[in-house]
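J.: A single structure is presented below for examination.
Numbering (the numbering used here), first residue to last: 297 to 402.
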């Protein structure tokens, strides 16, 4: 039986992927984030308790996102590095890293 929270999560993730698709069209460096989002969407389609029609829609959207990524990367010529959803600037180590702790102690 599909749960309401799973249905809301599916709709939320599909909205995020659609927004990233639009962003990737104007900013090719967002294609890296789009690949990650498509992978997450496929995993959710597999793991959430959803009707088969919703699962199919999620898988189709993930496939379309990957296709768009390939098309954008080819046309952009990979001129800009990808942005990953969890990217941290190299100048700022994570707060819990050993390097950050050494700097704080020194």
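For every residue, glycine included, the Cβ atom is placed at its ideal position computed from N, Cα and C. As the structure is a prediction and not an experimental result, all values here were calculated from the model.
(1) Please state whether DSSP places residue 364 in a helix, a strand or coil.
(2) Leaving out five residues on either side along the sequence, give the residues of the same chain with a beta carbon under 8 Å from the beta carbon of residue 310.
(3) My understanding is that residue 340 touches residue 303, with C-beta atoms under 8 Å, so please give their C-beta distance in whole angstroms.
(4) How would you call residue 347, buried or exposed, if buried means at least 16 neighbouring beta carbons within 10 angstroms?
(5) Quick one: using the 10 Å Cβ neighbour count with 16 as the cut-off for buried, is residue 327 buried or exposed?
(6) Of all the options 344, 322, 333, which has the alpha carbon lying nearest to the alpha carbon of residue 362?
(7) Could you check how far apart the C-beta atoms of residue 315 and residue 368 are, in whole angstroms? I think they sit under 8 Å.
(8) Mark residue 300 as exposed unless 16 or more other C-beta atoms lie within 10 angstroms of its C-beta, in which case mark it buried.
(9) If distances are taken between C-alpha atoms only, which option among 307, 308, 325, 298 comes closest to residue 371?
(10) What did DSSP end up calling residue 335 once you bin it into helix, strand or coil?
T.: With the structure as the only source:
(1) DSSP places residue 364 in helix when its eight states are reduced to three.
(2) 337, 353, 354, 357
(3) Actually they do not touch by this definition, with Cβ atoms about 11 Å apart.
(4) exposed
(5) buried
(6) 333
(7) Not quite, the Cβ-Cβ distance comes to about 15 Å (not below 8 Å), so this is no contact.
(8) exposed
(9) 325
(10) Three-state result, residue 335: helix.
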